[in-house]
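J.: Residue numbers (our numbering): 11 to 73.
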């Protein structure tokens, strides 16, 4: 990143900090959405097994 004469170091650090916060927020949103989708898929899988008359006492989750 090139810093112009009117853009001092404190402003640059402030902008970087805001950018990092934004990236962290987006990462958390992606993580939350991924976990939500995984939970929905597990639920659908469990419901499918039950509807097929199978008894399932344990879900093996892959981390």
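Ideal Cβ positions, reconstructed from N, Cα and C, are used throughout, including at glycine.
(1) Return the CA-CA distance between residue 24 and residue 54, expressed in angstroms with no decimal places.
(2) Under 6 Å Cβ to Cβ from residue 31, same chain only, skipping five residues before and after it: list those, please.
(3) Helix or strand or just coil, what does DSSP make of residue 18?
T.: Let me spell this out:
(1) For the purposes of this step, residue 24 is identified with residue 14 of the chain shown, where counting begins at 1. For the purposes of this step, residue 54 is identified with residue 44 of the chain shown, where counting begins at 1. Going by the C-alpha atoms only, they are around 45 Å apart.
(2) If you number the chain shown from 1, residue 31 lands on position 21. There are no such residues.
(3) Locating residue 18 in the chain shown gives position 8, where the first residue counts as 1. In the structure shown, residue 18 falls within a coil segment according to DSSP collapsed to helix, strand and coil.
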